[in-house]
Structure formats: C-alpha cells, structure tokens
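Enquirer:
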Amino acid sequence: MTSCIFCKIAAGEIPSDQVYADQDFVAFRDLQPQAPVHVLVIPRRHVDALTEVTPGDADLLGRLQVTAAAVAAQLGLAATGYRFVVNCGRDGCQTVPHLHLHLLGGRPLGWPPG
Ligand code: 5GP
Ligand code: ZN
Numbered sequence: 006m007t008s009c010i011f012c013k014i015a016a017g018e019i020p021s022d023q024v025y026a027d028q029d030f031v032a033f034r035d036l037q038p039q040a041p042v043h044v045l046v047i048p049r050r051h052v053d054a055l056t057e058v059t060p061g062d063a064d065l066l067g068r069l070q071v072t073a074a075a076v077a078a079q080l081g082l083a084a085t086g087y088r089f090v091v092n093c094g095r096d097g098c099q100t101v102p103h104l105h106l107h108l109l110g111g112r113p114l115g116w117p118p119g
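Numbering (this note's numbering), first residue to last: 6 to 119.
Shown next as structure tokens:
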C-alpha cells in the first residue's frame with residue numbers, strides 16, 4: 006500500500022529505529038514510547054486491522070506473536086515479563102491502519118487498561 010506509513014517503514018522508505026527484520030516481519034521502536042521498551046512488530050504484508058483478518062491469516066498472526074516473543078527475549082524482557090497490545094478500530098484507539106503488535110515492557114504495567 007503506497008500511502009501507508011508502516012508499509013513505507015517496512016520498505017525502508019521512512020527511517021525507523023529497527024530492532025529486528027526478516028522476510029515477513031519488521032520490528033522497530035515506537036516514536037512515542039509508553040514504556041522503557043516499546044516496540045511495534047508488523048507484518049510486511051499490508052493488513053488494515055484485526056477486523057480484516059480471515060482464517061487464511063492464522064499462520065501470519067501466529068508467527069507475528071512468535072516473532073514478537075523472540076524480539077522481547079532479544080531485548081532482555083523474558084525474565085521480567087511484558088505485554089502485547091493490538092489496538093483495533095476507533096474504540097480500540099488504533100491510529101495507524103496497518104496491523105501492528107505493541108510490545109511493551111521494562112516497567113510494571115498497570116491493569117486494567119484505560
Ligand atoms: P496505534 O495507536 O495505531 O495502536 O499505534 C500506532 C503507534 O505508531 C503509536 O504508538 C505511534 O506512536 C506510532 N507511530 C506513528 N507513526 C510512527 C512513525 O512514523 N514511526 C514510529 N516509529 N512510530 C510511529
Ligand atoms: Zn501498510
């Protein structure tokens with residue numbers, strides 16, 4: 006998707022503080038971090054949001070989480086723990102319409118969320 010900011014980040018057309026990349030996924034630090042570690046993990050393939058996924062995306066979604074867990078371990082969060090967040094749509098406060106997983110850690114995180 007040519008107008009999508011995360012597609013551009015995945016393609017290297019917009020710079021990012023990248024922490025991991027492979028054939029299918031890219032992970033980079035959030036521009037406005039909400040925790041000492043705040044990384045966004047995205048599929049290179051453009052998917053708008055969780056509302057758009059189909060059973061055919063099950064492998065992608067599973068590997069997205071496996072990849073994010075590996076990134077969490079790479080960043081030293083495995084011992085202390087962390088949180089995955091996927092915002093979806095208006096009520097979920099999604100602002101960038103390219104599916105992304107927030108990896109948050111490095112401090113105790115509040116619960117329940119706002
Ligand atoms: P959402 O609100 O859609 O769940 O999350 C979008 C996230 O993307 C926000 O946390 C925001 O700070 C981050 N973000 C938006 N634009 C950019 C950008 O150009 N670069 C990076 N690294 N993060 C971005
Ligand atoms: Zn995109």
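Glycine residues also receive a C-beta, built at the ideal position from the N, C-alpha and C atoms.
Can you tell me which of the three DSSP states T115 falls into?
Expert: First, the amino acid is wrong: residue 115 is Gly here, not Thr. If DSSP states are grouped into helix, strand and coil, G115 belongs with coil.
Enquirer: Rounded to whole angstroms, what's the CA-CA distance from F33 to T59? Just pull it up for me.
Expert: Taking the straight line joining both Cα atoms gives about 26 Å.
Enquirer: Would you mind sorting T85 into buried or exposed? The rule is 16 or more other CB atoms within 10 Å of its CB.
Expert: That one is exposed.
Enquirer: Collect the residues with a C-beta less than 6 Å away from any heavy atom of ligand 2 and give them in sequence order along the chain.
Expert: Here the residues come out as M6, C9, F11, C12, H51, H103.
Enquirer: So, under 8 Å CB-CB, A15 and R49 are touching, yes? Tell me the CB distance rounded to an integer number of Å.
Expert: Sure, about 5 Å apart at Cβ, within 8 Å.
Enquirer: Cutting at 6 Å between CB atoms, please list the residues of its own chain near R95, excluding the five before and the five after it.
Expert: Excluding residues within five positions, none has a Cβ falling inside 6 Å.
Enquirer: Identify whether G61 lies in helix, strand or coil by the three-state DSSP scheme.
Expert: Three-state result, G61: helix.
Enquirer: Reducing DSSP to helix, strand and coil, say where V24 ends up.
Expert: The answer is strand: DSSP assigns V24 an E or B state.
Enquirer: Between which two residues does the beta strand (DSSP E) carrying I10 extend?
Expert: Counting along the chain, I10 falls outside any beta strand (DSSP E), though it belongs to the alpha helix (DSSP H) covering 10-15.
Enquirer: With three or more beta-carbon pairs closer than 8 Å as the criterion, would you say the stretch 6-22 touches the stretch 74-94?
Expert: The stretch 6-22, when compared against the stretch 74-94, does not touch it at the 8 Å Cβ threshold.
Enquirer: Note down, one range per segment and in chain order, each beta strand (DSSP E) of at least 3 residues found wholly within the stretch 64-94.
Expert: Complete beta strand (DSSP E) runs here, min 3: 87-90.
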